[in-house]
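**Student:** One point on numbering: in this note's numbering, the residue at position 16 of the sequence shown is 165, and numbering is uninterrupted.
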Amino acid sequence: MVEFLAETLGIKKGQVAIVSGHASRQKTVAITGCNRQELERLTGKK
Numbered sequence: 150m151v152e153f154l155a156e157t158l159g160i161k162k163g164q165v166a167i168v169s170g171h172a173s174r175q176k177t178v179a180i181t182g183c184n185r186q187e188l189e190r191l192t193g194k195k
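1. Mapping DSSP to helix, strand and coil, what is A155?
2. How about K176 and I167: do their beta carbons lie closer than 8 Å?
3. Would you check if the distance between the CB atom of L188 and the CB atom of G159 is smaller than 8 Å?
4. Tell me the rounded alpha-carbon separation between G170 and A155.
5. On the DSSP bridge list, what partners appear for T177?
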């Protein structure tokens, strides 16, 4: 999951962490090293 998100967003794997839901289908992730505007640009959402 971490590798997939990092590749999809074009960021390093170390910037992605699963915060909760490790064994669940529904997960909460944290992205570090990006501000809100950069994340919106990477995901195409506002």
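The beta-carbon is built from N, C-alpha and C at its ideal position, and this holds for glycine as well.
**Tutor:** Walking through what the data contain:
1. Under the three-state reduction of DSSP output, A155 falls in the helix class.
2. Yes, they are a contact pair.
3. The beta carbons of L188 and G159 sit no closer together than 8 Å.
4. Computed Cα separation, rounded: 18 Å.
5. When beta bridges are read from the DSSP output, T177 appears opposite S169.
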